[in-house]
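A.B. asks:
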Amino acid sequence: MGRQKLRVGLLINDYNVPLWEYKLVEKIMMSDHSEIVLVVRKKVGSNNKKEGKLKTLWKVRKNLLYLMHGKLESKLFKPSPNAFKNNDLRGLLSSPEIVVAPKETKFSDIVNPDDIDQIKEKNIDVFIRFGFRILRGDILNCAKYGVWSYHHGDNDVNRGGPPGVWEVYENWPTTGAVLQILTEDLDGGLTLDKTYASTESISINRNKNNYYWSASSLMLRNLKNLHKKGGDLFMREVMDKNNVPMMYYNRLFVAPKNKETLVSLIRIYLGILKGHIQRLFFFNQWVLMYNFEKKNQLSKSFFRFKRINPPKDRFWADPFVLERNAKHYIFFEELIYKNGRGNISVIELDEKGNYSEPQLVLEKEYHLSYPFIIEDKGDLWMIPETAENNQIELYKCEEFPLKWNLEKVLLENVVAVDSTILLHNGVYWLFCNVRENEGASTSNELFLYYADSLVTSKWTAHTQNPIVSDVRYSRPAGKIFEYNGNLIRPSQNCAKHYGHGMQLQLIKTLTKENYQEVNLQSIYPNWSKDIQSTHTLNHSGKLTVIDALIKRRK
Numbered sequence: 005m006g007r008q009k010l011r012v013g014l015l016i017n018d019y020n021v022p023l024w025e026y027k028l029v030e031k032i033m034m035s036d037h038s039e040i041v042l043v044v045r046k047k048v049g050s051n052n053k054k055e056g057k058l059k060t061l062w063k064v065r066k067n068l069l070y071l072m073h074g075k076l077e078s079k080l081f082k083p084s085p086n087a088f089k090n091n092d093l094r095g096l097l098s099s100p101e102i103v104v105a106p107k108e109t110k111f112s113d114i115v116n117p118d119d120i121d122q123i124k125e126k127n128i129d130v131f132i133r134f135g136f137r138i139l140r141g142d143i144l145n146c147a148k149y150g151v152w153s154y155h156h157g158d159n160d161v162n163r164g165g166p167p168g169v170w171e172v173y174e175n176w177p178t179t180g181a182v183l184q185i186l187t188e189d190l191d192g193g194l195t196l197d198k199t200y201a202s203t204e205s206i207s208i209n210r211n212k213n214n215y216y217w218s219a220s221s222l223m224l225r226n227l228k229n230l231h232k233k234g235g236d237l238f239m240r241e242v243m244d245k246n247n248v249p250m251m252y253y254n255r256l257f258v259a260p261k262n263k264e265t266l267v268s269l270i271r272i273y274l275g276i277l278k279g280h281i282q283r284l285f286f287f288n289q290w291v292l293m294y295n296f297e298k299k300n301q302l303s304k305s306f307f308r309f310k311r312i313n314p315p316k317d318r319f320w321a322d323p324f325v326l327e328r329n330a331k332h333y334i335f336f337e338e339l340i341y342k343n344g345r346g347n348i349s350v351i352e353l354d355e356k357g358n359y360s361e362p363q364l365v366l367e368k369e370y371h372l373s374y375p376f377i378i379e380d381k382g383d384l385w386m387i388p389e390t391a392e393n394n395q396i397e398l399y400k401c402e403e404f405p406l407k408w409n410l411e412k413v414l415l416e417n418v419v420a421v422d423s424t425i426l427l428h429n430g431v432y433w434l435f436c437n438v439r440e441n442e443g444a445s446t447s448n449e450l451f452l453y454y455a456d457s458l459v460t461s462k463w464t465a466h467t468q469n470p471i472v473s474d475v476r477y478s479r480p481a482g483k484i485f486e487y488n489g490n491l492i493r494p495s496q497n498c499a500k501h502y503g504h505g506m507q508l509q510l511i512k513t514l515t516k517e518n519y520q521e522v523n524l525q526s527i528y529p530n531w532s533k534d535i536q537s538t539h540t541l542n543h544s545g546k547l548t549v550i551d552a553l554i555k556r557r558k
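For the sequence shown, the numbering used here gives the first residue as 5, with consecutive numbering after it.
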């Protein structure tokens, strides 16, 4: 007999909540592991008097430019779906409600003892904090496994607020989010989970929207793990994760002052202007780069690589190389700008640098890219990226190199990019980045699946999914390869912007129960001044190929 569902309580100020909270509650209620059995709502004080406009303006005078910028952003940048659009939870919930009027100190809420007794009678496993201010006192002990709360910022480097602002104003490459179990120590909550998204460099609204949607998955995953593992094992793992001190070395962030906002906005909008001017004379284009080694080894010095430039009306990216009959074939994404949709093409390349005209390999009514190639049991297979079709598709080569037919849909109803297969210890491992929430980026989280054969739709999700939740390391960047007995996973670093650089990840543990990798090296596009990005690395025989985003004159 399975475990009973977790009894979850909500701590709210109002039933009108942002869409990301609404969707999270909806998913919890639809899950097979948790149910919402109680709502604790904070009573709004009856003596709150509205202040006059002049008095309000006087209070916020030091932050007025920041507030005005927020108003401007709400007009200029309207992300969809909007994580902060209000939705009424009463359309979802039928749970009993306890209304409390906590004692309020300057920053904190302390629930009174009579309400605490009433709440404890409900035997809550986990409270989710969506409202209230800083919680103090016995409310923190009213749920068996504590009060779970988001801190929308990387609390190792950013404590305080407002969320998602300083990352944009100070041009940080990533924006983090943390799920914690609250404790009396304001800065000493127990970390349950973390995630890192790329910072949207010019818009606070878009930045917040992206990483709030990404972080919303943390809650559901940890509730599922708590239910699956049981409280004792789950809490032991939480304590193990929090058994080392983490020193905080930055200031406590507060709302930006007028001067801070002005300096940041000048930098942001000068950057936008510079970009517009550059686009008058230049455009960015993905090109292919290659190098041959005499001893069938990986080429490791990118400044030696030669370029294959496409015509100016298109780009070539995501190269995968295959050696057959002493010839080298490069399969890649070809995107013609006026069409706006990627196809898969192939060229033949010899060691003198001569290459054939590209030939179309695969074209669909949806976008194709990242043509992962694998040979298995005498046959040749391709898994192009088909996220726009909400599935992962496997194609069989019927006539090399141009004829490929759809053989099997590996995974359905999934927005997955850059699928990469590794056959290791008799098991087929499928690595791919998955976007669980609309509005989040596909570059943030790496998922892992496994099966006993390649041509199957029965793939099992790894218990640690997502195995990486960090935009700096997650997204695949090419075929996993063996080097001196080590498994190396190339990954993209999308922190600065999509596909900015690459990482080499050493896979230390790969089993059906555990996955562990560590970063070996960061690769940045520094070997030529006109190169902006590089995000794919593949090797076969004597040939190593990469791609590069170059700045090219119109």
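By construction, the Cβ of each residue, glycine as well, lies at the ideal position given by its N, Cα and C atoms.
#1: Using DSSP with H/G/I as helix, E/B as strand and the rest coil, what is residue 300?
#2: State yes or no: is the C-beta of residue 551 within less than 8 Å of the C-beta of residue 321?
#3: Pick out whichever of 326, 472 and 318 has its Cα sitting closest to the Cα of residue 548.
#4: Judging by CA-CA distance, which residue of 491, 514 and 509 is the nearest neighbour of residue 527?
#5: According to the neighbour-count rule (16 or more other Cβ atoms, all chains shown, within 10 Å of its Cβ), is residue 349 buried or exposed?
#6: Express the C-alpha separation of residue 521 and residue 13 in angstroms, rounding to a whole number.
#7: According to DSSP, simplified to helix, strand and coil, what is residue 546?
#8: Alpha carbons only, please: which of 219, 128 and 110 is nearest the one belonging to residue 157?
#9: Can you give the Cα-Cα distance for residue 417 and residue 436, rounded to whole angstroms?
#10: Buried or exposed: which applies to residue 404, given that a residue is buried once 16 or more other Cβ atoms fall within 10 Å of its Cβ?
#11: Helix or strand or just coil, what does DSSP make of residue 465?
#12: Leaving out five residues before and five after residue 390 in sequence, what residues of the same chain have Cβ atoms less than 7 Å from its Cβ?
#13: Check whether the Cβ atoms of residue 292 and residue 340 sit closer than 8 Å, and answer yes or no.
#14: Return the CA-CA distance between residue 411 and residue 364, expressed in angstroms with no decimal places.
#15: Assign residue 566 to one of two classes, buried (16 or more other C-beta atoms within 10 Å of its C-beta) or exposed (fewer than that).
#16: Helix or strand or just coil, what does DSSP make of residue 395?
#17: Taking 8 Å as the threshold (C-beta atoms), are residue 445 and residue 214 in contact?
#18: What is the residue span of the beta strand (DSSP E) that residue 151 lies within?
#19: Quick one: which unbroken beta strand (DSSP E) runs of 3-plus residues sit fully inside the segment 257 to 338? Chain order, please.
#20: How about the segment 241 to 252 and the segment 462 to 482: do they share at least three Cβ pairs that are nearer than 8 Å?
#21: Can you name, in chain order, every residue of its own chain whose Cβ lies under 8 Å from the Cβ of residue 492, other than the five neighbours on each side?
#22: State the start and end residues of the unbroken alpha helix (DSSP H) segment that holds residue 211.
#23: Just the C-alpha distance for residue 31 and residue 328, rounded to the nearest angstrom, thanks.
#24: To the nearest angstrom, how far is the alpha carbon of residue 558 from that of residue 312?
#25: Suppose contacts are defined by Cβ-Cβ distances below 8 Å. Is residue 400 in contact with residue 383 by that definition?
#26: Quick check: what's the CA-CA separation for residue 306 versus residue 504?
#27: Please state if the CB of residue 223 and the CB of residue 28 are separated by a distance shorter than 8 Å.
#28: Apart from the five residues just before and just after residue 275, which ones in its own chain have a Cβ nearer than 8 Å to its Cβ?
#29: Can you tell me whether DSSP reads residue 94 as helix, strand or coil?
#30: If you drop the 5 nearest sequence neighbours on each side, which residues of the same chain put their C-beta closer than 6 Å to that of residue 447?
#31: Between residue 257 and residue 164, how many whole angstroms is the CB-CB distance? I'm expecting something under 8 Å.
#32: Residue 172: which of 420, 318 and 73 sits nearest, CA to CA?
#33: What is the residue span of the alpha helix (DSSP H) that residue 61 lies within?
#34: Name the residue from 439, 77 and 456 whose alpha carbon lies nearest to the alpha carbon of residue 449.
#35: Alpha carbon to alpha carbon, how far is residue 470 from residue 393?
#36: Which whole-angstrom value describes the C-beta separation of residue 114 and residue 44, a residue pair presumed to lie in contact below a C-beta threshold of 8 Å?
C.D. replies: Let's see:
#1: Numbered from 1 along the sequence shown, position 296 holds the residue referred to as residue 300. It is coil, neither helix nor strand.
#2: The residue given as residue 551 occupies position 547 in the sequence shown. The residue given as residue 321 occupies position 317 in the sequence shown. Yes, the Cβ-Cβ distance between residue 551 and residue 321 is below 8 Å.
#3: Locating residue 548 in the sequence shown gives position 544, counting from the first residue. Residue 326 holds the alpha-carbon nearest to the alpha-carbon of residue 548 among 326, 472 and 318.
#4: Looking up residue 527 in the sequence shown gives position 523. The residue with the shortest Cα to Cα distance from residue 527 is 509.
#5: Counted from its first residue, the sequence shown places residue 349 at position 345. Flag for residue 349 reads buried.
#6: Here residue 13 is taken as the residue at index 9 of the sequence shown, counted from 1. Here residue 521 is taken as the residue at index 517 of the sequence shown, counted from 1. Roughly 36 Å separates the two Cα atoms.
#7: Taking the sequence shown and counting its residues from 1, one reaches residue 546 at position 542. Note: residue 546 maps to coil in three-state DSSP.
#8: Your numbering for residue 157 matches position 153 in the sequence shown. When each option's Cα is compared against that of residue 157, the closest is 219.
#9: Taking the sequence shown and counting its residues from 1, the one referred to as residue 417 is at position 413. Taking the sequence shown and counting its residues from 1, the one referred to as residue 436 is at position 432. Inter-residue distance for residue 417 and residue 436 is about 14 Å (C-alpha atoms, whole angstroms).
#10: Along the sequence shown, one-based indexing puts residue 404 at 400. With fewer than 16 Cβ atoms within 10 Å of its Cβ, residue 404 is classed as exposed.
#11: In the sequence shown, the residue the question calls residue 465 occupies position 461. Under the three-state reduction of DSSP, residue 465 is assigned to strand.
#12: Looking up residue 390 in the sequence shown gives position 386. For residue 390, where only same-chain residues beyond five positions count, the Cβ hits under 7 Å are 370, 372, 396 and 397.
#13: Locating residue 292 in the sequence shown gives position 288, counting from the first residue. Locating residue 340 in the sequence shown gives position 336, counting from the first residue. No, the Cβ-Cβ distance between residue 292 and residue 340 is not below 8 Å.
#14: Within the sequence shown, residue 411 is the residue found at index 407, counting from 1. Within the sequence shown, residue 364 is the residue found at index 360, counting from 1. Whole-angstrom Cα-Cα distance: 19 Å.
#15: This structure gives no information on residue 566, because the portion of the chain shown stretches from 5 to 558.
#16: Numbered from 1 along the sequence shown, position 391 holds the residue referred to as residue 395. The DSSP-derived three-state label of residue 395 is strand.
#17: Here the question's residue 214 lines up with position 210 in the sequence shown. Here the question's residue 445 lines up with position 441 in the sequence shown. The answer is yes: Cβ separation under 8 Å.
#18: Mapped onto the sequence shown, residue 151 falls at position 147. Taken as a continuous stretch (DSSP letters only), the beta strand (DSSP E) holding residue 151 covers 151 to 155.
#19: For secondary structure counted as the beta strand (DSSP E) over 3 or more consecutive residues, the segment 257 to 338 holds these complete runs in sequence order: 286 to 296, 310 to 312 and 318 to 328.
#20: The segment 241 to 252 is not in contact with the segment 462 to 482.
#21: Residue 492 sits at position 488 when you count from the first residue of the sequence shown. If we look at residue 492 and ignore the five residues flanking it on each side, its Cβ neighbours are 484, 485, 486, 508, 509, 510, 511 and 524.
#22: As a first step, residue 211 must be located in the sequence shown, where it is residue number 207. Where residue 211 is concerned, the enclosing alpha helix (DSSP H) stretches over 208 to 233.
#23: Working through the sequence shown from its first residue, we reach residue 31 at position 27. Working through the sequence shown from its first residue, we reach residue 328 at position 324. Roughly 49 Å between the two C-alpha positions.
#24: For the purposes of this step, residue 558 is taken as residue 554 along the sequence shown, with counting starting at 1. For the purposes of this step, residue 312 is taken as residue 308 along the sequence shown, with counting starting at 1. Rounded to the nearest whole angstrom, the CA to CA distance from residue 558 to residue 312 is 17 Å.
#25: Position 396 of the sequence shown holds residue 400. Position 379 of the sequence shown holds residue 383. In this structure, residue 400 sits near residue 383, with a CB-CB distance shorter than 8 Å.
#26: Here residue 306 refers to the residue found at position 302 of the sequence shown. Here residue 504 refers to the residue found at position 500 of the sequence shown. Going by the C-alpha atoms only, they are around 15 Å apart.
#27: Mapped onto the sequence shown, residue 28 falls at position 24. Mapped onto the sequence shown, residue 223 falls at position 219. Closer than 8 Å, so yes.
#28: Stepping through the sequence shown from its first residue, residue 275 is reached at position 271. Excluding residues within five positions, the ones whose Cβ falls inside 8 Å are 205 and 206.
#29: For the purposes of this step, residue 94 is taken as residue 90 along the sequence shown, with counting starting at 1. The three-state secondary structure of residue 94, taken from DSSP, is helix.
#30: Walking along the sequence shown from the start, residue 447 turns up at place 443. Correct list, in chain order: 475, 479 and 498.
#31: As a first step, residue 257 must be located in the sequence shown, where it is residue number 253. As a first step, residue 164 must be located in the sequence shown, where it is residue number 160. The pair is a contact, with the Cβ atoms about 4 Å apart (cut-off 8 Å).
#32: As a first step, residue 172 is located in the sequence shown; it is residue number 168 there, counting from the start. Looking at the Cα atoms, 73 is the closest of the given residues.
#33: Taking the sequence shown and counting its residues from 1, the one referred to as residue 61 is at position 57. Where residue 61 is concerned, the enclosing alpha helix (DSSP H) stretches over 57 to 63.
#34: For the purposes of this step, residue 449 is taken as the residue at position 445 of the sequence shown. Closest option to residue 449, Cα to Cα, is 439.
#35: Residue numbering aside, residue 470 sits at position 466 when the sequence shown is read from its first letter. Residue numbering aside, residue 393 sits at position 389 when the sequence shown is read from its first letter. If I take the Cα positions, the gap works out to 22 Å.
#36: Here the question's residue 114 lines up with position 110 in the sequence shown. Here the question's residue 44 lines up with position 40 in the sequence shown. Actually they are not in contact, since the Cβ atoms of residue 114 and residue 44 sit about 14 Å apart, beyond 8 Å.
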